[in-house]
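Numbering (our numbering), first residue to last: 79 to 371.
Beta carbons: idealized from backbone N, C-alpha and C, even for Gly.
Computed from a prediction, not measured in an experiment: that's the story for all the values here.
Encoded as structure tokens, the structure appears first; notes follow it.
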Ligand code: NAP
């Protein structure tokens with residue numbers, strides 16, 4: 079069994095981007111600029127945005143933060159989006175989710191210019207991805223594809239089972255894995271809470287991608303010998319074995335499943351670290367106008 083080291087791959091990607099930015103600096107060219115909009119005081123969102131800013135600085139991108147109180151109105155936030163859309167200095171931006179309940183996430187996302195939507199959540203980017211046009215692919219599915227590519231995992235003709243059909247993970251990765259691309263060219267089965275014979279289907283998978291949001295749901299009797307297992311789930315649970323009293327686990331029972339796999343992503347250190355690397359890659363694409371000319 080080989081561990082898929084998302085932390086290492088993410089560091090490799092950052093180093094590659096940093097080298098490209100260095101070249102831009104040497105020619106006095108503009109460096110990519112990523113902005114983030116943060117509303118309210120949600121600690122997880124604050125940590126996530128801080129880590130995006132840190133990563134931008136590490137690779138040499140410009141980063142800016144637009145911070146607003148929880149009480150900002152939807153109309154005011156739409157104006158902020160309009161303002162950033164028109165700021166030519168900013169190549170791409172994200173609006174950190176979740177937003178307060180009085181603001182429609184759909185309205186805000188639809189207002190972002192697709193050419194600056196480096197989170198890949200705008201319906202235009204989702205639609206373009208669906209029909210195979212250049213697009214920004216959202217961070218988690220993009221990260222999974224990048225891991226498969228960099229570990230040279232054979233996907234053509236394989237049976238890929240995706241567990242979970244969320245708009246941010248399960249559905250887009252099922253489409254990407256079925257496309258005529260590499261990685262891709264799989265025969266894909268997409269499972270959800272109404273799927274019958276789940277265990278049977280999972281045990282037929284050559285590649286099993288799990289994004290179900292249930293701690294250690296996938297057990298060894300659901301996995302075929304030699305399968306590739308990608309665990310997207312992330313859960314903080316109590317543990318007597320750690321100093322903090324907590325540990326992170328995934329949607330897959332790692333100890334028993336890993337023994338049967340050819341490749342597996344650990345939690346933490348698998349898919350998670352790829353999120354920010356993917357966002358940086360999308361921002362670089364935006365700066366180079368690779369997706370929207
Ligand atoms: P989500 O929106 O919570 O959706 C879960 C999906 O799993 C749904 O499609 C649901 O089916 C399905 N499901 C739930 N219980 C099931 C069962 N017993 N049998 C079969 N299918 C079942 O999922 P998500 O947002 O994709 O998140 C999934 C997990 O990934 C979470 O732990 C989340 O924290 C984690 N995550 C991690 C990252 C990362 O960067 N590592 C990024 C995103 C998410 P229905 O559609 O029928 O309800």
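On a Cα-Cα basis, can you pick out the residue from 220, 217, 266 and 182 that is closest to residue 237?
266
Given a cut-off of 8 Å on the beta-carbon distance, is the pair residue 233 and residue 226 in contact?
yes
Shortest alpha-carbon distance to residue 184 belongs to which of 249, 214, 201 and 350?
201
Which residues mark the beginning and the end of the beta strand (DSSP E) in which residue 287 is found?
285–288
Residues surrounding ligand 1 [beta-carbon distance to nearest heavy atom under 5 Å]
In chain order, the qualifying residues are 218, 242, 243, 244, 247, 270, 271, 289, 290, 291, 310, 311, 312, 349, 350 and 353.
At which residues does the alpha helix (DSSP H) containing residue 362 begin and terminate?
352–365
On the DSSP letters alone, give me the boundaries of the beta strand (DSSP E) that residue 308 sits inside.
306–309
Using CA atoms only, rank isn't needed, just tell me which of 278, 274 and 268 is closest to residue 287.
268
Contact check, residue 88 vs residue 352 under 8 Å by CB: the rounded distance?
6 Å
How far does the beta strand (DSSP E) with residue 111 in it extend, from its first residue to its last?
Note, residue 111: beta strand (DSSP E), 111–117.
Nearest neighbour of residue 111, chosen from 369, 370, 371 and 365 [CA to CA]:
365
Determine, using beta carbons only, whether residue 159 and residue 143 come nearer to each other than 8 Å.
no
Please identify the residue among 302, 363 and 190 whose C-alpha is closest to the C-alpha of residue 157.
Residue 157 has its Cα closest to that of 190, out of 302, 363 and 190.
By the three-class DSSP mapping on this structure, what secondary structure does residue 81 have?
strand
Test item: CB-CB of residue 313 and residue 327 under 8 Å
yes
Could you tell me how far apart the beta carbons of residue 79 and residue 331 are, in whole angstroms, since I believe they sit closer than 8 Å?
14 Å between Cβ atoms; not a contact.
In the DSSP output, which residue or residues are listed as bridge partners for residue 238?
For residue 238, which the question treats as bridged, DSSP gives the partners 266 and 285.
Given a cut-off of 8 Å on the beta-carbon distance, is the pair residue 311 and residue 317 in contact?
no
Out of 257, 198 and 292, which one is the CA nearest neighbour of residue 360?
198
Should the segment 249–264 be regarded as contacting the segment 208–215, the criterion being three or more beta carbon pairs within less than 8 Å?
yes
Could you tell me the distance, in whole angstroms, from the CA atom of residue 223 to the CA atom of residue 261?
Pairing residue 223 with residue 261, the inter-Cα distance amounts to about 6 Å.
For residue 151, tell me which candidate among 179, 285 and 306 has the shortest Cα-Cα distance.
179
Can you tell me whether DSSP reads residue 246 as helix, strand or coil?
coil
Option in 164, 153 and 302 with minimal Cα separation from residue 239
Residue 239 has its Cα closest to that of 302, out of 164, 153 and 302.
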